[in-house]
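Student: Numbering (our numbering), first residue to last: 282 to 403. No residue lacks a Cβ here, since even glycine has one placed at the ideal position from N, Cα and C. Before I ask anything, let me first share the structure, which is written out below as structure tokens.
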């Protein structure tokens with residue numbers, strides 16, 4: 282008798298739980314960002330790279346606003362400036378615009394290159 286009740290318990294649970302759902306699940310709508318470009322900024326790109334803090338190991342470009350102190354350095358993913366292919370050992374001054382998702386007001390993580398102003402091999 283004990284074996285029969287142990288076998289019936291999972292079957293009863295399955296039948297009970299399947300009766301709870303009256304219609305098939307509907308997936309969440311796909312999120313589509315509304316991307317716009319911020320005003321143009323001029324950045325200094327350092328000639329060396331640094332490890333990024335991310336889910337996967339990658340190298341970041343170290344950049345800072347033109348004329349800013351080194352404590353203003355920040356990282357941009359190596360391939361995250363569209364239209365810009367930097368060379369290690371070369372410092373650049375570039376004009377870029379950051380992509381912003383207008384729905385959230387937050388940066389997408391990508392930038393658009395407007396112009397390379399200078400490049401110096403170091």
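Going by DSSP in three states, residue 290 sits in which element: helix, strand or coil?
Tutor: The answer is helix: DSSP assigns residue 290 an H, G or I state.
Student: Which residues does DSSP list as the beta-bridge partners of residue 375?
Tutor: According to DSSP, residue 375 bridges with 324, 397.
Student: Please name the residue in 402, 311, 320 whose C-alpha comes closest to that of residue 367.
Tutor: Here the closest residue by C-alpha is 402.
Student: What is the residue span of the beta strand (DSSP E) that residue 345 lies within?
Tutor: Per DSSP, residue 345 belongs to the beta strand (DSSP E) from 340-346.
Student: For the 8 Å Cβ check, are there 3 or more pairs between the region 378-391 and the region 303-322?
Tutor: Short answer: they touch.
Student: By alpha-carbon positions, which one of 347, 346, 352, 358 ends up nearest to residue 340?
Tutor: The option with the nearest alpha carbon to residue 340 is 358.
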